[in-house]
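In what follows, a single structure is set out as structure tokens and then discussed.
Numbering (the working numbering), first residue to last: 153 to 856.
Written out as structure tokens, the structure reads:
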């Protein structure tokens with residue numbers, strides 16, 4: 153049940169793709185996540201047959217210290233600012249008047265805030281000068297030739313100058329030092345422009361790699377023949393993909409075997425599939441298995457700010473590859489550079505030039521040299537058709553989510569370095585994680601190990617793995633959130649409504665767990681359903697039952713409380729999306745029949761869909777969705793009203809225990825249907841879904 157419109161965590165299948173509910177069961181085969189390298193393998197093969205890239209030798213050239221140059225420049229400017237005044241000796245205004253009365257002033261220049269005074273040469277002051285002047289100033293020789301004083305508001309200044317016999321006087325603006333003018337007018341702007349240029353080039357270098365003059369050089373990461381540290385034995389749950397790539401490995405190792413009958417090495421293979429299934433891992437494993445140099449680069453690294461730089465990088469990459477042949481060139485996220493071209497003017501000229509150069513290079517190099525191009529993407533639908541044709545990428549290898557045996561193999565592989573308890577059952581964990589990718593399975597193992605350390609256990613137990621799955625689905629338990637009795641009761645009836653519909657409807661998936669323990673991702677409770685077997689097709693009846701189960705939480709609230717809450721927001725969203733998919737994508741509507749009204753734009757990245765029908769038809773689709781939702785709502789209402797006493801009984805039990813396993817739930821139903829049997833008692837077992845150490849904040853754990 154949601155907390156104020158947050159996501160409902162009652163996920164029937166936690167890792168199902170978002171494109172549709174039926175696809176959730178059809179596309180559960182995919183695999184593996186990136187693995188940490190295990191280091192090079194030692195073997196007795198002769199490695200002199202392959203040319204390994206040489207490391208640069210010689211003295212490393214240190215970059216010029218432009219910061220030191222900037223400090224020198226700033227020092228010069230500051231020195232000129234401090235030492236460019238016409239004089240450095242200041243007088244009081246009274247001293248200025250005294251000097252005037254003694255007749256030793258030759259010239260006066262009046263500025264806006266200063267009065268600059270030029271004294272006569274070789275004039276001795278009268279003996280009473282000490283009265284008006286400072287004691288340190290007794291002769292003209294003891295002062296500078298040019299002195300100054302602050303200008304004050306003296307209306308008699310000009311008259312006094314005439315009385316003092318000063319013939320040279322007038323207003324003047326302060327003149328700057330000519331050297332300072334030159335620095336500020338010419339040197340400073342040029343220096344600022346230079347440093348801005350250096351900053352921009354440095355930013356480009358960090359984003360695109362290479363030095364200031366290396367725009368056309370490829371920055372692909374090069375692994376020597378044994379440096380990837382991965383082979384096919386490090387990839388689990390991807391047997392079909394490994395079989396497709398094994399021929400490339402065999403060709404690189406034994407080319408004569410294929411050339412003898414005229415076979416040619418495939419120029420390239422494109423790995424496509426959802427994120428986290430191990431496409432990059434497979435590419436590195438191919439290089440490690442074949443023991444050839446491996447060039448790895450991302451498609452986004454080809455696209456540069458300057459037109460032509462990306463194409464130059466492509467040329468340089470293939471030049472290096474031909475020099476190191478036989479080798480493998482891996483372009484990850486190739487959709488960044490291989491996006492479909494269109495006829496619109498004003499497009500991305502740089503990206504298109506880079507793609508054109510890539511197409512030319514893939515056509516131009518000789519596959520007999522043993523250069524294989526591997527690409528990886530999770531958006532194959534947007535790639536340019538010219539890139540996908542035979543002769544460039546000869547094979548498209550689909551790397552899907554793993555099936556049940558694949559998930560078991562991945563869990564076992566990732567847990568090799570983890571201490572496991574005797575009660576660990578990977579088959580049960582694999583069934584509970586239907587639809588998970590290899591990366592998600594690796595995360596489950598790691599979360600379980602962290603949880604074992606948190607509770608001071610020496611090995612990972614089954615309950616750690618089960619809780620790790622729930623952490624991925626709904627987040628950590630919010631032990632500090634205390635629900636009011638009314639809220640707790642409403643959540644309990646909501647979740648039991650889901651569970652009863654899931655258990656009593658013929659085509660629904662069995663209930664695995666019911667809980668009203670709040671989670672950090674916003675769920676106040678959730679019901680977990682797991683299929684009894686691996687499913688690749690879903691019938692119309694099964695999808696209708698799913699909609700009824702989704703709506704049963706709201707129906708239970710309506711029956712018991714006569715009110716509606718926000719807790720069903722995600723249920724409504726999922727039910728509406730499932731109904732729309734049935735009508736527009738799978739032709740399961742009697743009104744529209746087998747007509748495709750919607751197109752899925754992204755096969756592996758989610759549910760980006762576009763309606764392909766008129767506005768009038770779209771309105772009819774909305775009416776059909778409302779009709780389908782209403783029918784399943786009425787169906788769920790009739791079912792729960794018929795079993796209202798069972799709904800109340802199980803809800804009271806859930807309020808008391810907070811968590812119920814699927815086995816306990818089914819026992820409660822059997823006890824209600826056969827009241828002569830003894831009452832249900834929850835037993836302790838090794839597979840408890842709630843840690844015993846949390847018993848101070850939660851009731852006794854419910855076991856399967």
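We treat Cβ as the ideally placed atom computed from N, Cα and C, and that holds for glycine. This one's a predicted model, so the numbers in the text were calculated from it and none came from an experiment.
Three-state secondary structure (DSSP) of residue i
i           : result
residue 860 : It is not possible to answer for residue 860, since the shown part of the chain is limited to 153 through 856.
residue 847 : Confidence is the limiting factor: at residue 847 the pLDDT is only 37, short of 50, which leaves the residue's position unreliable, though a coordinate-based value still follows. In this structure, residue 847 counts as coil in the three-state DSSP scheme.
residue 409 : helix
residue 531 : coil
residue 212 : Confidence at residue 212 is low in this model, with a pLDDT of 46, below 50, so the placement of that residue should be treated as unreliable; the coordinate-derived value is given next. In this structure, residue 212 counts as coil in the three-state DSSP scheme.
residue 668 : coil
residue 302 : strand
residue 266 : strand
residue 718 : helix
residue 553 : strand
residue 259 : strand
residue 242 : strand
residue 680 : strand
residue 249 : helix
residue 756 : coil
residue 614 : helix
residue 636 : coil
residue 624 : helix
residue 254 : coil
residue 802 : helix
residue 382 : coil
residue 322 : strand
residue 818 : helix
residue 450 : strand
residue 685 : coil
residue 744 : coil
Contact check, residue i vs residue j, beta carbons under 8 Å
i           : j           : result
residue 546 : residue 651 : no
residue 549 : residue 563 : no
residue 299 : residue 241 : yes
residue 485 : residue 429 : no
residue 413 : residue 524 : no
residue 434 : residue 490 : no
residue 404 : residue 437 : no
residue 573 : residue 600 : no
residue 532 : residue 424 : yes
residue 466 : residue 510 : yes
residue 781 : residue 699 : yes
residue 720 : residue 706 : yes
residue 689 : residue 586 : no
residue 476 : residue 445 : yes
residue 603 : residue 618 : no
residue 559 : residue 389 : yes
Residue i classed as buried or exposed, judged by whether at least 16 other C-beta atoms fall within 10 angstroms
i           : result
residue 513 : buried
residue 691 : exposed
residue 704 : buried
residue 813 : buried
residue 534 : exposed
residue 478 : buried
residue 419 : buried
residue 747 : exposed
residue 363 : Residue placement at residue 363 cannot be trusted, given a pLDDT of 47 that sits under 50; the coordinates are not used to answer.
residue 802 : buried
residue 453 : buried
residue 554 : buried
residue 827 : exposed
residue 790 : exposed
residue 334 : exposed
residue 714 : exposed
residue 464 : buried
residue 305 : exposed
Sequence-distant residues of its chain with Cβ nearer than 7 Å to residue i (five each side left out)
i           : result
residue 504 : 493
residue 649 : 704, 705, 707, 708, 792 and 799
residue 784 : 696, 699, 700 and 703
Cβ shell of residue i (< 6 Å), same chain only, five flanking positions each side left out
i           : result
residue 655 : 663
residue 858 : Any question about residue 858 goes unanswered here, given that the chain covers just 153 to 856.
residue 383 : 437, 440 and 441
8 Å CB neighbourhood of residue i in its chain, flanking five on each side removed
i           : result
residue 396 : 421, 547 and 549
residue 740 : 692, 695 and 734
residue 762 : 750, 751 and 753
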